[in-house]
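Asker:
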Ligand SMILES: [Zn+2]
């Protein structure tokens, strides 16, 4: 396994706020606006479901 590949793979295990952001197009990601919540999803429906279940 190449070192750069391993590095990239290990970054996928980091918490969302410590991952390099360049891999993500943030306008495609829907983020939860709850306080203390870092939930985010590519799918708007998933965010709706999350917010409804968190009440
Ligand atoms: Zn939330």
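In our numbering, the protein residues as written are 13 to 67.
A virtual CB, placed ideally from N, CA and C, is assigned to each residue, including glycine.
Rank 63, 20, 27, 24 by C-alpha distance to the C-alpha of residue 47 and give the top, closest one.
Answerer: 63
Asker: Between residue 51 and residue 44, how many whole angstroms is the CB-CB distance? I'm expecting something under 8 Å.
Answerer: Sure, about 4 Å apart at Cβ, within 8 Å.
Asker: Any heavy atom of ligand 1 inside 6 Å of the beta-carbon of residue 21?
Answerer: no
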